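Each remark here refers to the structure printed beneath this line.
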Amino acid sequence: MATSQTRARIALALGLLLAVTLLGFGGSFTGVTQQVGYTLGLLTPARAITIVADGQEIALEVRVATVEEALAAAKIVLGEHDRVSPELAGKIQDQMEIVVTRVTKSQIVEHERIYFHEIRRANHNLERGVTRTIQRGREGRRAEHYEVVYEDGQRVSKTLLSSEVLEPKVDRIVEYGTIGSLSRGGNTYRFTRVLYVIATAYTAGPESTGKSPGHPAFGITRSGLPVEVGHIAVDPDLIPLLSHVYVEGLCAFSAQFNGRYFATDTGSAIQGNRIDIYFERVEDAIRFGRRRMRVYVLAR
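The sequence shown begins at 760 in our numbering and counts up one residue at a time.
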């Protein structure tokens, strides 16, 4: 602990320093402040630091307190986005390394092609193998705005800011034919689809429909037409009602029922690839049983 005598000596020294300073600066208070600041700076110990910036390593000794002051002493000017490590407010330590990363940002515009697609549509009025271009395709153009960030001259990121279509693309539309041809018994049939189905048989009677003669709906199909030989029941999601089809058996027995049929009816059990062929007699329906057959959905 300082004695009163020591404290007196310190006070005297400070008084002399102040007096000399006042004389040296003509009694200017501003001059005193500058001189005191300089004197206090001498009291801050010198510290050896290294500053890494702009591809160089700068070794120097500084008598400052913060990183920001050290950069100022080295006459290093920071840009708006530059990054400093340690932070500017960090305290200076002996043998400290201060790294300045130069960060620049720029915005660029890149033009991109927008490729068109080909849209194919079935045309049930065209023969198979025939195509027709309904609309020609055309590429579009898009402008993409990016922000690019560089650190010490090296690109580190590229961020899409916005995108605008300068010219919209136009897709190419092509129609293709679905109609095939089938020659049977000297006749040629034009068809749009081929299905493989399970065929069963039914009659108009109660054993198949639950309706007896005298019932107002006896013998009336879902289409409203009276049932007759040559009619079949179908799943309308697969074969539209009132479509004409050509049915071919896939075995010797079912082949005797080959021919053209009219899709007029539906049935609760006829779902998906199923058809029900109408017979007038129950015994014929029973004999037919259950057969695999091929169905050509004919062009209208």
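Virtual Cβ for every residue (Gly too), placed ideally from N, Cα, C. Just so we're clear, the structure is a prediction, and the values are computed from it rather than from any experiment.
Contiguous beta strand (DSSP E) elements confined to the segment 1004-1048 occur at 1018-1024 and 1033-1037, taking only those with 3 or more residues. With a beta-carbon spacing of about 50 Å, His883 and Thr918 fall beyond the 8 Å limit used to define contacts.
Boundaries for Thr860: no alpha helix (DSSP H) harbours it, while the beta strand (DSSP E) harbouring it runs Met855 to Thr860, taken from the DSSP string. Between Phe1047 and Thr959, the alpha-carbon positions lie close to 7 Å from each other.
The segment 1035-1042 and the segment 927-946 do not touch, with fewer than three beta-carbon pairs separated by less than 8 Å. Glu839 carries a coil assignment under DSSP once its states are collapsed to helix, strand and coil. Of the other Cβ atoms in all chains shown, fewer than 16 fall within 10 Å of the Cβ of Phe1012; this residue is therefore exposed. Residues Thr1025 of the same chain have their beta carbon placed closer than 7 Å to that of Pro995, with the five preceding and five following residues left out of the count. Relative to Thr962, the option among Ile991, Ile893, Arg880 and Gly939 whose CA is nearest is Ile991. In the DSSP assignment, Thr947 falls within the unbroken beta strand (DSSP E) covering Asn946 to Tyr961. For the pair Glu903 and Phe875, the CB atoms are not nearer than the 8 Å cut-off. In this structure Thr951 is buried. Its beta-carbon is surrounded by 16 or more other beta-carbon atoms within 10 angstroms. Distance between Arg1019 and Val1006, taken at the CA atoms: about 6 Å.
Looking at the DSSP output, Arg880 bridges to Glu934. Taken atom to atom, the span from the alpha-carbon of Arg842 to that of Val859 is near 6 Å. Between the C-alpha atoms of Leu885 and Arg879 there is a straight-line separation of about 13 Å. Spatial neighbours of Val956 in its own chain (CB-CB distance under 7 Å, excluding positions within 5 residues in sequence) are listed in chain order as Asn1032, Arg1033, Ile1034, Met1052 and Val1054. For Pro845, same chain residues with a beta-carbon under 6 Å away, outside a window of 5 residues either side, are Val826 in chain order.
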